[in-house]
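Participant: One structure, as structure tokens, below. Some questions next.
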Amino acid sequence: MTILITGGKGMIGSRLSDLLYKKGHDVLILSRNPKKTGRYKEYKWSVEDHYIDDEAIKRADVIIHLAGANVGEKKWTPSRKKELYSSRIDTANLLFEACERLGNFPKAFISASGSTIYGVNSGQEVQFEDQKRLGDDFLANLTKDWEKAAKRFEDKKVRVAIFRTAVVLTMEGGALPRYVFPAKFGLAAPLGSGKQMVSWIHIQDIARLYLFALENEISGAYNASSTETVSNKEFMKRVSKILSRPFFVPNVPAFALKLVFGELAEVVLGGNNLSNEKILQEGFVFEYPDLNSALENLLT
Ligand SMILES: NC(=O)c1ccc[n+]([C@@H]2O[C@H](COP(=O)([O-])OP(=O)(O)OC[C@H]3O[C@@H](n4cnc5c(N)ncnc54)[C@H](OP(=O)(O)O)[C@@H]3O)[C@@H](O)[C@H]2O)c1
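Sequential numbering from 37 applies to the sequence shown in the working numbering.
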């Protein structure tokens, strides 16, 4: 099959592209800055200019929508918030409108989403996909709109699968290298109370989940999270242990994190405790269901 991936050069996208390629699929990438050379054919799009290369849409059997400005990279100024929003929602709408204009809808539309949909909470309660109570903060509302934009494809009889993704673990970016760096100096510290729960998924498993959604007729929203959820303190402790470093640094107080990161501090201070029962019921098998196996693979 020919798979068009938005954000295909990002952290998840590049791992997924290689996995799809190995499985014999033809990978196309939609990017703001397409390169002329490379293993995969790249096409240009621009949400500001409302532009998309029609050829990419015409060739796609399936679209995987991963594009999104990084939530944890910069402070959430009003213009950054706008970018976080438009890079996910306006882009999904741009894809939909291009498909409609060309009369060429894919067989399936598979979209990233975030565990942020459940809102800022301590993660003491387990979160299920069918629960009515979702969050009402900035990221939760953004995520709800993101899923709504993806679901527009259902009106055109396109199969839509959505992954409410937990913290993705890889040493190539994201949260883990930021935790590992101080831990290497014996300076890993729980953030805030340290009691907030951390749902996570190994990079290989999130890439395998997208492949699973491609190869199986699943639809709807799924939590993309491994089985063992731990507290932030336990997470830091395990990282230190695997690196054979001491773990006794006091917690970083919440007010200090808020002072430095502003509203973005919510991302680390808030917890998540996602159930992965729904995707397990579909037959997906995690390669890294527990934190020790994931950390050993990534850190040793
Ligand atoms: N990594 C995680 O822990 C995690 C957790 C939950 C959800 N997710 C979601 O999963 C998706 C993929 O995550 P990732 O970690 O692979 O992200 P990433 O490495 O930051 O890559 C995302 C891609 O989005 C595109 N992008 C960035 N800013 C954009 C903008 N302003 N307008 C349009 N496109 C833009 C970029 O592609 P080009 O530069 O080629 O245009 C980039 O390669 C994202 O939507 C993310 O929110 C990730």
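All C-beta atoms in this analysis are idealised placements derived from N, C-alpha and C, irrespective of residue type, glycine included.
None of the values given here were measured: they were computed from a predicted structure.
Quick one: give me the first and last residue of the beta strand (DSSP E) that N259 is part of.
Facilitator: It spans G256 to A260 - the beta strand (DSSP E) in which N259 sits, taken as one unbroken run.
Participant: What are the boundary residues of the beta strand (DSSP E) that F297 is part of?
Facilitator: It is not in any beta strand (DSSP E) - F297 instead sits in the alpha helix (DSSP H) that spans A290 to F297.
Participant: Go ahead and pull the three-state DSSP assignment for A202.
Facilitator: Coil.
Participant: What's the gap between the Cα of Y324 and the Cα of E313?
Facilitator: Going from the Cα of Y324 to the Cα of E313 covers about 15 Å.
Participant: Say the cut is 7 Å; is the CB of K110 nearer than that to a heavy atom of ligand 1?
Facilitator: No - ligand 1 has no heavy atom lying nearer than 7 Å to the Cβ of K110.
Participant: Relative to the C-alpha of L52, which candidate in Y246, G150 and E78 has its C-alpha closest?
Facilitator: The shortest C-alpha separation from L52 is found at Y246.
Participant: Applying the 10 Å Cβ sphere with the 16-neighbour rule, what's the burial state of A260?
Facilitator: Buried, since its Cβ has 16 or more Cβ neighbours within 10 Å.
Participant: Would you say the beta carbon of R68 is closer than 7 Å to some non-hydrogen atom of ligand 1?
Facilitator: Within the cutoff, so yes.
Participant: Going by Cα to Cα distance, which pick from K143, D173 and R274 is closest to N157?
Facilitator: Among K143, D173 and R274, the Cα nearest to that of N157 belongs to D173.
Participant: Give me whichever residues DSSP pairs with Q163 in a beta bridge.
Facilitator: For Q163, which the question treats as bridged, DSSP gives the partners L310.
Participant: Which whole-angstrom value is the C-beta distance of S229 and A202, which I expect to be below 8 Å?
Facilitator: About 19 Å; that fails the 8 Å criterion.
Participant: Measuring alpha carbon to alpha carbon, tell me which of F132, Q240, A134 and A103 ends up nearest S122.
Facilitator: Of F132, Q240, A134 and A103, the residue nearest in Cα terms is A103.
Participant: May I have the straight-line CA-CA distance separating I65 from K77, to the nearest angstrom?
Facilitator: Spanning the two alpha carbons is a distance of roughly 6 Å.
Participant: Is R281 helix, strand or coil when you go by DSSP?
Facilitator: Three-state result, R281: coil.
Participant: Any heavy atom of ligand 1 closer than 7 Å to the CB of I48?
Facilitator: Yes - ligand 1 has a heavy atom lying nearer than 7 Å to the Cβ of I48.
Participant: Any heavy atom of ligand 1 closer than 7 Å to the Cβ of G210?
Facilitator: Because some heavy atom of ligand 1 lies under 7 Å away, the Cβ of G210 counts as near it: yes.
Participant: Could you have a look at N157 and say whether DSSP puts it in helix, strand or coil?
Facilitator: Three-state DSSP puts N157 in a strand.
Participant: Identify the continuous alpha helix (DSSP H) that holds L115 and give its terminal residues.
Facilitator: Correcting the residue identity first, residue 115 is Ser in this sequence and not Leu. From DSSP, the alpha helix (DSSP H) with S115 extends over P114 to Y121.
Participant: Short of 7 Å in beta carbon distance, which residues of its chain neighbour V296, apart from the five on each side in sequence? Order them along the chain.
Facilitator: The answer is none, since no qualifying residue turns up.
Participant: CB of N252 to nearest heavy atom of ligand 1: below 7 Å?
Facilitator: Result no, Cβ not under 7 Å from ligand 1.
Participant: Grab the span of the beta strand (DSSP E) containing L66 for me, first residue to last.
Facilitator: Run containing L66: D62 to S67, per the beta strand (DSSP E) assignment.
Participant: Does the beta-carbon of A301, which I'm using as the reference point, lie nearer than 7 Å to any heavy atom of ligand 1?
Facilitator: A301: no, Cβ never under 7 Å from ligand 1.
Participant: Would the C-beta of A330 count as close to ligand 1, meaning under 7 Å from any of its heavy atoms?
Facilitator: It does not: the Cβ of A330 is nowhere closer than 7 Å to a heavy atom of ligand 1.
Participant: So the beta strand (DSSP E) Y76 belongs to, where does it begin and stop?
Facilitator: Looking at the DSSP string, Y76 is not in any beta strand (DSSP E), and its letter there is neither H nor E.
Participant: Rounded to the nearest angstrom, what separates A96 and E318 at their Cα positions?
Facilitator: Whole-angstrom Cα-Cα distance: 25 Å.
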